[in-house]
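Student:
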Amino acid sequence: MTRLGDSCWCGRLTGGLPLYVLSKPGFRQKSALLAVGFGSMDQRVPATAGEPALPLPPGAAHFLEHRMFLKRQGDITERFAELGVEADANTTYTHTGYQCSGTDHLDEALDLLLELVFEPYLTVPGVAREREIIVREIELYGDNLEWVSYFQAVDALYPGHPLATDIAGTIESVKRLDRAVLARCHRAFYHPGNMALFVCGDVAAEAVASVVEAGLRRRGIGPDGSGGGKTRPIRHLVRGGRPASRHSVLPVVLPHRSLAFADPRAGLRGTAMLARELALELALDILFGAASAFYCRRYAEGLVDSGSFGFEVNVEPWFSFSLIGGDSRWPDELQRAVLDELRRARQSGVIEAQFERARGKAYGHLVQGLDQVEAGIQLMHAAVSCGAHPFDLIAAHERLDAAQVRDALVTGLDPQCHGLVRIDPAPTDPTDR
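Set out below in structure tokens:
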């Protein structure tokens, strides 16, 4: 229980599946997230007693996520819809998340969620059809400004690393993924010991645990994990080298610039990682948020485009980086202005002067998130995935001080060590006029 009045039940179920239930009495909506520890950065299946190690083409986790929704009876989302429940999934660098949300029929929805994740239906024709869909998806994102800029920025920090490859893979890598590879990935990683289940809403934790326990046993998962795999992805700390520059030409209206910063403090876990992530976010909000002096001045000058300018922090136990950028009619001036602001901040007291305001704003967003069931399960997962308790998010906000934010600025946002992405508009064809 926290001073917000929330309570979170934590337990470990059949097969070692961690369960976290955030109780929200009086809420109508209920949401569940089953997170599998298999993401786009995992490009190798470790060897087991019966099978050798298997290198994976980029995009394997995303391909398997797509394919899991088709069962022998058809698309499983239709059966969720019959319950009035929405189901969706997404793949990130480090996990694949399967989520469902609705107001009623939680027991049935949880059992369908277990079927979705534990019962693959992989056929050669089905995999071939899915391959065509994913190839089209990759082609569509090939000229998406935000998508291209993001992965080029990561490539400027970690050249050639899986982090810099589209989560969906490449057209070439997707063509190398077949039924046998996907089945091996499912056997290796889709087991209770490599998952965590998060539930939020007006629910009784013991009742949720009972439903999930029964569902696992029906699917052959024993109390000791028998019936499921034992493998986990093998991951290593990713450190950036000397940042590089990337340049592209796309069919856009305005030029775009992004600055990328690899954090030398990458590798933290638990509450230390949560505090570092928050410190980086506060430093960037103080300097470049919508209430900052920089933003107000540069917007008035026309240097900042309000619809695109912003920043992003991505921190996991294996990597940590931040991005700043946006579109501008004067992209080189925007680049110089951002770097100058980072230099000035190192010598000024702006962090200390704006710390309480920024922390209060971030804390308000956290409280608001915990008061929404879908956001609540994502916040719980963010904490647990780095080795912390869900309510450590609150403790990180309450214990953070200005010195930690200044340290994040000085060490994690060094203007002398940044990657650069330049995206310019394609030349206009005179015949199009």
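Residues 651 to 1083 in the numbering used here are what the sequence shown lists, from first letter to last.
We put the CB at the ideal spot given by N, CA and C, even for glycine.
Would Phe-848 pass as a contact of Ile-1027 if the rule is Cβ separation under 7 Å?
Tutor: On the sequence shown, residue 848 is found 198 positions in, with the first residue counted as 1. On the sequence shown, residue 1027 is found 377 positions in, with the first residue counted as 1. Yes, the Cβ-Cβ distance between Phe-848 and Ile-1027 is below 7 Å.
Student: Distance check for Gln-997 and Gly-747, CA to CA, integer angstroms please.
Tutor: As a working note, residue 747 is residue 97 in the sequence shown. As a working note, residue 997 is residue 347 in the sequence shown. The straight-line gap from Cα to Cα measures roughly 42 Å.
Student: Taking His-811 as the reference, which of Lys-674, Gln-1022 and Val-888 has the closest Cα?
Tutor: Stepping through the sequence shown from its first residue, residue 811 is reached at position 161. Among Lys-674, Gln-1022 and Val-888, the Cα nearest to that of His-811 is on Val-888.
Student: Here's a check: name, in chain order, each residue in its chain whose Cβ is nearer than 8 Å to the Cβ of Leu-934, leaving out the five neighbours to either side.
Tutor: For the purposes of this step, residue 934 is identified with residue 284 of the sequence shown, where counting begins at 1. Once the five neighbours on either side are set aside, the close Cβ partners of Leu-934 are Phe-961, Val-963, Ser-972, Ile-974 and Leu-1063.
Student: With which residues is Trp-659 paired in a DSSP beta bridge?
Tutor: In the sequence shown, the residue the question calls residue 659 occupies position 9. Answer is Val-671, bridged to Trp-659.
Student: Quick one: using the 10 Å Cβ neighbour count with 16 as the cut-off for buried, is Pro-893 buried or exposed?
Tutor: Your numbering for residue 893 matches position 243 in the sequence shown. Buried, by the Cβ-count rule.
Student: Okay, do the stretch 731-748 and the stretch 674-693 touch, 3+ Cβ pairs below 8 Å being the bar?
Tutor: Yes: the two stretches touch, three or more of their Cβ pairs being nearer than 8 Å.
Student: Using CA coordinates, which residue listed in Asp-738, Leu-953 and Gln-723 is at the minimum distance from Trp-980?
Tutor: The sequence position of residue 980 within the sequence shown is 330, counting from 1. Out of Asp-738, Leu-953 and Gln-723, Leu-953 has the C-alpha closest to the C-alpha of Trp-980.
Student: Within the continuous beta strand (DSSP E) that includes Cys-750, where are the two ends?
Tutor: Here residue 750 corresponds to residue number 100 of the sequence shown, with the count starting at 1. Residues 746-752.
Student: Please classify Cys-1036: does DSSP put it in a helix, a strand, or coil?
Tutor: Your numbering for residue 1036 matches position 386 in the sequence shown. Coil, per DSSP.
Student: With H, G and I counted as helix, E and B as strand and the rest as coil, what does DSSP make of Leu-683?
Tutor: Counting from 1 along the sequence shown, the entry for residue 683 is found at position 33. Looking at Leu-683 - three-state DSSP - the assignment turns out to be strand.
Student: Measure the alpha-carbon distance for Thr-664 versus Glu-856 and round it to whole angstroms.
Tutor: The residue given as residue 664 occupies position 14 in the sequence shown. The residue given as residue 856 occupies position 206 in the sequence shown. Rounded to whole angstroms, Thr-664 to Glu-856 spans 14 Å at the Cα level.
Student: Determine the burial state of Arg-1095: buried for a count of at least 16 other Cβ atoms within 10 Å of its Cβ, exposed for fewer.
Tutor: Given that the chain is displayed from residue 651 to residue 1083, the structure contains no residue 1095 and the question cannot be resolved.
Student: Exposed or buried, which one is Ile-783 when buried takes at least 16 other CB atoms within 10 Å?
Tutor: Numbered from its first residue, the sequence shown carries residue 783 at position 133. Ile-783 is exposed by the Cβ-count criterion.
Student: Cβ of Val-1071 within 7 Å of Cβ of Ser-908?
Tutor: Residue numbering aside, residue 1071 sits at position 421 when the sequence shown is read from its first letter. Residue numbering aside, residue 908 sits at position 258 when the sequence shown is read from its first letter. Yes, the Cβ-Cβ distance between Val-1071 and Ser-908 is below 7 Å.
Student: With 16 as the cutoff for other CB atoms within 10 Å, does Ser-895 come out buried or exposed?
Tutor: As a working note, residue 895 is residue 245 in the sequence shown. So Ser-895 counts as exposed.
Student: With Ile-726 and Glu-765 assumed to form a contact (beta carbons below 8 Å), what rounded beta-carbon distance in angstroms separates them?
Tutor: Locating residue 726 in the sequence shown gives position 76, counting from the first residue. Locating residue 765 in the sequence shown gives position 115, counting from the first residue. With 8 Å as the limit, Ile-726 and Glu-765 qualify as a contact, their Cβ atoms being about 7 Å apart.
Student: Based on the DSSP output, what are the partners of Met-718 in its beta bridges?
Tutor: In the sequence shown, counting from the first residue as 1, residue 718 sits at position 68. In DSSP, Met-718 forms no bridge with anything.
Student: Alpha carbon to alpha carbon, how far is Leu-807 from Phe-969?
Tutor: Numbered from 1 along the sequence shown, position 157 holds the residue referred to as residue 807. Numbered from 1 along the sequence shown, position 319 holds the residue referred to as residue 969. Leu-807 and Phe-969: Cα-Cα distance of roughly 11 Å.
Student: Return the bridge partner residues of Ala-846 from the DSSP annotation.
Tutor: For the purposes of this step, residue 846 is taken as residue 196 along the sequence shown, with counting starting at 1. Its beta-bridge partners are Ala-685.
Student: Counting Cβ pairs closer than 8 Å, one from the stretch 816-829 and one from the stretch 999-1017, do we hit at least three?
Tutor: Touching, no, given that fewer than three Cβ pairs across the two stretches are closer than 8 Å.
Student: Sorted by chain position, which residues of the same chain lie with C-beta nearer than 7 Å to Glu-715's C-beta, five sequence neighbours on each side aside?
Tutor: On the sequence shown, residue 715 is found 65 positions in, with the first residue counted as 1. Only Ala-739, Thr-741 and Thr-746 meet the Cβ criterion.
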